[in-house]
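A.B. asks:
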């Protein structure tokens, strides 16, 4: 859920596309690099002034696409991306280099200050209009590690547009999504069959149905941890209907660790009209009463701790965390950090 940290919300994020003019060396290439940069920056300014949430810079006009791009493409895209970053210093920016030049896109992103790349062919194989595309996740993530670009997120297409998926006709889009998530994708991209064609609503609902239980499982894990450690909070209402509370919570010890270890102290300032003045309430109750957008943020923080753990249901997740004292401490710390920072709690 790094997406939440980058864009600030999970829903209704609008990401615009900057289709860079045909680059030098490509069949349609006719413009000089300064002209290409100027046009891309002009489009970026229009988007930025309109309040866009983010941008992807793509060499859309380098048709017909090839898997063997030259160094001139990487150099040109780096120059374009760096210029756009210069005029949009705080806007989430990404880059895609066609076709499937995902490692090159990572290098460009690192050099030009991009936040993410869009990668095709991440898991499984498919036949695109430029040829057969095979899974690249293993090599791509190792390359990201080697060049120290772990901060660059990788958003991945699944069942990509303009492609035949007969090779994986027995693998549903939900199963493909699970595979991409298991292979540590930072975000999934679901498209229609071609540019401008909307995604299938049934496929989107299938993906949403897959994710909902995982968030519920993480919320239940947080409840179990805080219940077992007897975390409570005292809160009181404010005049505006939200609550600012002062209270303390002392953890009797981490599960599986030495008893009596103090992991946290005061927990206060929990916001919410539903809180009763001066009353100590169990943290699990507070967690389950959080609005959906706050649960999503908490989920993102906990998933950042859980990292690459392989789990599919609540029983597996609980066993993995409860069986590891260090992981328990990290999850508990992320939970308390969320309460104090994201909910702006007062700590006493």
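Numbering (the working numbering), first residue to last: 95 to 442. We treat Cβ as the ideally placed atom computed from N, Cα and C, and that holds for glycine.
Thinking C-beta only, is residue 242 closer than 7 angstroms to residue 287?
C.D. replies: Contact flag unset, no.
A.B. asks: Residue 163 by DSSP, collapsed to three states: which one?
C.D. replies: Correct three-state label for residue 163: coil.
A.B. asks: I need the DSSP call for residue 378, collapsed to helix, strand or coil.
C.D. replies: Helix.
A.B. asks: Which one of 403, 283, 232 and 294 has the shortest CA to CA distance from residue 308?
C.D. replies: Checking every option, the nearest Cα to that of residue 308 belongs to 403.
A.B. asks: In whole angstroms, give me the CA-to-CA distance for residue 336 and residue 252.
C.D. replies: With a pLDDT of 35 at residue 336, under the threshold of 50, the modelled position of this residue cannot be trusted, and the question is left open.
A.B. asks: Please name the residue in 173, 98 and 149 whose C-alpha comes closest to that of residue 118.
C.D. replies: That would be 173, whose Cα lies nearest to the Cα of residue 118.
A.B. asks: Might you give, ordered along the chain, the residues of its own chain that have their beta carbon closer than 6 angstroms to the beta carbon of residue 182, omitting 5 neighbours on each side?
C.D. replies: Excluding sequence neighbours, residue 182 sits near 138 and 142.
A.B. asks: For the alpha helix (DSSP H) holding residue 101, just list the boundary residues, first then last.
C.D. replies: That run of the alpha helix (DSSP H) goes 96-101.
A.B. asks: What does the Cβ neighbour count give for residue 186, buried or exposed, with the cut at 16 atoms within 10 Å?
C.D. replies: Buried, because 16 or more other Cβ atoms sit within 10 Å of the Cβ of residue 186.
A.B. asks: Need the endpoints of the alpha helix (DSSP H) that residue 127 sits in, please.
C.D. replies: First-last of the alpha helix (DSSP H) with residue 127: 127-143.
A.B. asks: Less than 7 angstroms separating the beta-carbons of residue 164 and residue 194?
C.D. replies: Not in contact: residue 164 and residue 194 (Cβ atoms no closer than 7 angstroms).
A.B. asks: Using the three-state DSSP reduction, which class does residue 357 fall into: helix, strand or coil?
C.D. replies: Unreliable placement is indicated for residue 357, whose pLDDT of 37 sits below 50; no coordinate value is reported for it.
A.B. asks: Three-state secondary structure (DSSP) at residue 250?
C.D. replies: Strand at residue 250.
A.B. asks: DSSP state of residue 372, grouped into three classes?
C.D. replies: Unreliable placement is indicated for residue 372, whose pLDDT of 46 sits below 50; the coordinate value is still reported in the next sentence. Three-state result, residue 372: coil.
A.B. asks: Output needed for residue 238: all residues of its chain with C-beta closer than 8 angstroms, excluding positions within five of it in sequence on either side, in chain order.
C.D. replies: Answer for residue 238: 200, 244, 246 and 248, listed in chain order.
A.B. asks: Assuming residue 311 contacts residue 235 (C-beta within less than 8 angstroms), just tell me the rounded distance between them.
C.D. replies: Rounded, the Cβ-Cβ distance is 25 angstroms, inconsistent with contact.
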